[in-house]
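Structure, as structure tokens:
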Amino acid sequence: MPRRHTAALAVAALGLAASPLLAAEPSVSTPLVLIGGGPDDTALAAEALSLAGGTSARVGIVSAASSRPQESGPAYQQFFGAFGVTARYVPLPTRESAAAPEAVRPLAFSELLFFSGGDQSRLAERIAATPVLGAIQNAWIRGAVVAGTSAGAMPWGSVFIANGSSVGAFSVAFDRDV
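Numbering of the sequence shown is given in the numbering used here, commencing with residue 1295 and proceeding in unit increments.
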């Protein structure tokens, strides 16, 4: 894939300053828990849940990055259920679904927002500049924990790497024209 295409995907507007719904700056102590890929890290997920208020926390799960969200969303509901939490899976099968009140409302009131792995470009394409992203941003600003694993941990800055290899990323890391 040409570098310009990779860069275009990398600059997908999913940064925390990208939404017109962003009303204020987050507090210094607002947690962002970025979990690496691979097997689930139970200890980090438990820490994210603890930061969000423990077993009484409202947990919203977004698996829009996954190629099989209808499987990974419910799987994460069970994963958090093992901690004694009732988590709400919010399906986002299309970009249009990220404007639906039934998707926005549960995320707006969650204390822990958890994003599954998959393809960070898919996640960005689904929620960039949508009411769902505004709800996520506003929840984070008011103190909700945002956590993600693998691709769900990647797109929270104004720029992220997507659709490339580690070797390719290192070879163009300082190319300002990318």
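Where a beta carbon is used, it is the ideal one built from N, C-alpha and C, also for glycine.
Relative to the C-alpha of serine 1357, which residue among Ala1351, Glu1365 and Ser1350 is closest?
Here the question's residue 1357 lines up with position 63 in the sequence shown. Looking at the Cα atoms, Glu1365 is the closest of the given residues.
Cα separation between alanine 1402 and alanine 1376?
Residue mapping note: residue 1402 aligns to position 108 of the sequence shown, counting from 1. Residue mapping note: residue 1376 aligns to position 82 of the sequence shown, counting from 1. Straight-line Cα distance between these residues: approximately 24 Å.
Would proline 1425 be called buried (16 or more neighbouring beta carbons within 10 Å of its own) or exposed?
Sequence index remark: in the sequence shown, residue 1425 carries index 131 (1-based). Its Cβ being crowded by 16 or more others within 10 Å, proline 1425 is buried.
When the Cα of leucine 1287 is compared with those of Pro1368, Thr1380, Arg1382 and Leu1407, which residue comes out closest?
What is shown of the chain runs 1295 to 1472, which leaves residue 1287 out entirely.
Where do the ends of the alpha helix (DSSP H) carrying arginine 1420 lie?
Locating residue 1420 in the sequence shown gives position 126, where the first residue counts as 1. Where arginine 1420 is concerned, the enclosing alpha helix (DSSP H) stretches over 1414 to 1421.
Let's test the definition: count the other Cβ atoms within 10 Å of the Cβ of glutamine 1414 and tell me whether it reaches 16, buried, or not, exposed.
Along the sequence shown, one-based indexing puts residue 1414 at 120. Label assigned to glutamine 1414: buried.
Helix, strand or coil, according to DSSP, for leucine 1343 in the structure here?
Here residue 1343 refers to the residue found at position 49 of the sequence shown. In the structure shown, leucine 1343 sits in a helix (DSSP, three-state: H, G or I).
Specify whether the stretch 1372 to 1386 and the stretch 1429 to 1437 touch according to this definition: at least 3 beta carbon pairs, one from each stretch, less than 8 Å apart.
Contact between the stretch 1372 to 1386 and the stretch 1429 to 1437 is absent, because fewer than three Cβ pairs lie under 8 Å.
So, under 8 Å CB-CB, valine 1398 and phenylalanine 1374 are touching, yes? Tell me the CB distance rounded to an integer number of Å.
Counting from 1 along the sequence shown, the entry for residue 1398 is found at position 104. Counting from 1 along the sequence shown, the entry for residue 1374 is found at position 80. In fact, because the Cβ distance is near 21 Å, the residues do not count as touching under 8 Å.
In angstroms with no decimal places, state the Cα-to-Cα distance between glycine 1411 and tyrosine 1370.
Translated into the one-based positions of the sequence shown, residue 1411 becomes position 117. Translated into the one-based positions of the sequence shown, residue 1370 becomes position 76. So the alpha carbons of these two residues sit roughly 11 Å apart.
In this structure, does DSSP put phenylalanine 1373 in helix, strand or coil?
Looking up residue 1373 in the sequence shown gives position 79. In this structure, phenylalanine 1373 counts as helix in the three-state DSSP scheme.
Once the 5 residues before and after glycine 1348 are set aside, which same chain residues still bring their CB inside 8 Å of it?
For the purposes of this step, residue 1348 is taken as the residue at position 54 of the sequence shown. So no residue of the chain qualifies.
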